[in-house]
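> Take a look at the following structure, please.
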Amino acid sequence: MSILNEKTYLGVCRLKMASTQNIASATETELNFNTLASLGYDPFVMGDLANHSITVREPGAYFINVAVHWDGEVTPVSYTYRYIRLWVNGVAAAGVNVPTTVAANDLTLDTIVQSTAILDLNAGDVIEARAAQGSGETLTVLTAYSNFTVFRLPVNHK
0 MSILNEKTYL
10 GVCRLKMAST
20 QNIASATETE
30 LNFNTLASLG
40 YDPFVMGDLA
50 NHSITVREPG
60 AYFINVAVHW
70 DGEVTPVSYT
80 YRYIRLWVNG
90 VAAAGVNVPT
100 TVAANDLTLD
110 TIVQSTAILD
120 LNAGDVIEAR
130 AAQGSGETLT
140 VLTAYSNFTV
150 FRLPVNHK
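Numbering that gives the first Met the number 0 puts the first residue of the sequence shown at 0, with every later residue one more than the last.
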């Protein structure tokens, strides 16, 4: 029997970035989610702040959302991209790569990109978030609005 009661375990963790992070063009980079979000919590100690990841404690379906707040480009390139990809146990998770193309005249503005998935996970699975962009220059991920949230969906009990 599990230590955690399945009827009450709704594991949740929300991480944010303590500081900005630079992402080189055309380089998928692990996002440095390294602190608990002020409005979030981590009652089951799922967040691994040193490794910027979240480890699920019980098997089940999990809702995962990652939001990245990109700073605007200095020299916009026509129709560049930004995306977020979720990784589970060091392997890219299928169906969560979300490319975003933006017109050049809008690229001097900040851009917020989100990726949301529902994944069936096993106890001990480690989830991390990576991002990439194709501006031709290094862009900064800002701390405001950048977050990494994972929670277990409720189980239907009879």
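By construction, the Cβ of each residue, glycine as well, lies at the ideal position given by its N, Cα and C atoms.
Rounded to whole angstroms, what's the CA-CA distance from leucine 35 to threonine 137? Just pull it up for me.
Taking the sequence shown and counting its residues from 1, the one referred to as residue 35 is at position 36. Taking the sequence shown and counting its residues from 1, the one referred to as residue 137 is at position 138. Distance between the alpha carbons of leucine 35 and threonine 137 is about 26 Å.
> Cutting at 7 Å between CB atoms, please list the residues of its own chain near aspartate 119, excluding the five before and the five after it.
Here residue 119 refers to the residue found at position 120 of the sequence shown. So the qualifying residues of the chain are Ala60.
> By the three-class DSSP mapping on this structure, what secondary structure does arginine 81 have?
By 1-based counting over the sequence shown, the position of residue 81 is 82. Strand, per DSSP.
> Which of the three DSSP states is assigned to phenylalanine 43 in this structure?
Taking the first residue of the sequence shown as 1, we reach residue 43 at position 44. Correct three-state label for phenylalanine 43: coil.
> Which class does threonine 19 belong to by DSSP, given the choice of helix, strand or coil?
Numbered from 1 along the sequence shown, position 20 holds the residue referred to as residue 19. Three-state result, threonine 19: coil.
> Please say whether isoleucine 111 and histidine 68 have beta carbons closer to each other than 7 Å?
Here residue 68 refers to the residue found at position 69 of the sequence shown. Here residue 111 refers to the residue found at position 112 of the sequence shown. Yes, the Cβ-Cβ distance between histidine 68 and isoleucine 111 is below 7 Å.
> So isoleucine 83 and valine 149 are in contact, right, with Cβ under 8 Å, and what is the actual spacing, rounded?
Numbered from its first residue, the sequence shown carries residue 83 at position 84. Numbered from its first residue, the sequence shown carries residue 149 at position 150. Between valine 149 and isoleucine 83 the Cβ distance is about 14 Å, and since that is not below 8 Å, they are no contact.
> Among residues of its own chain, excluding the 5 on either side of valine 95, which ones have a beta-carbon nearer than 7 Å to its beta-carbon?
Walking along the sequence shown from the start, residue 95 turns up at place 96. Reliability of the predicted coordinates at valine 95 is poor, the pLDDT of 49 falling under 50, and no value is obtained from them.
> So, for threonine 142: in the same chain, excluding its five sequence neighbours on each side, which residues have a beta-carbon less than 8 Å away from its beta-carbon?
Within the sequence shown, the letter at position 143 stands for residue 142. Excluding sequence neighbours, threonine 142 sits near Lys15, Met16, Ala17, Ser18, Thr19 and His68.
> According to DSSP, phenylalanine 158 sits in a beta bridge with which residue or residues?
An answer regarding residue 158 cannot be provided, because it is not within the stretch 0 to 157 covered by the chain.
> When DSSP builds the beta bridges, which residues end up paired with glutamate 127?
On the sequence shown, residue 127 is found 128 positions in, with the first residue counted as 1. For glutamate 127, which the question treats as bridged, DSSP gives the partners Ser52 and Trp86.
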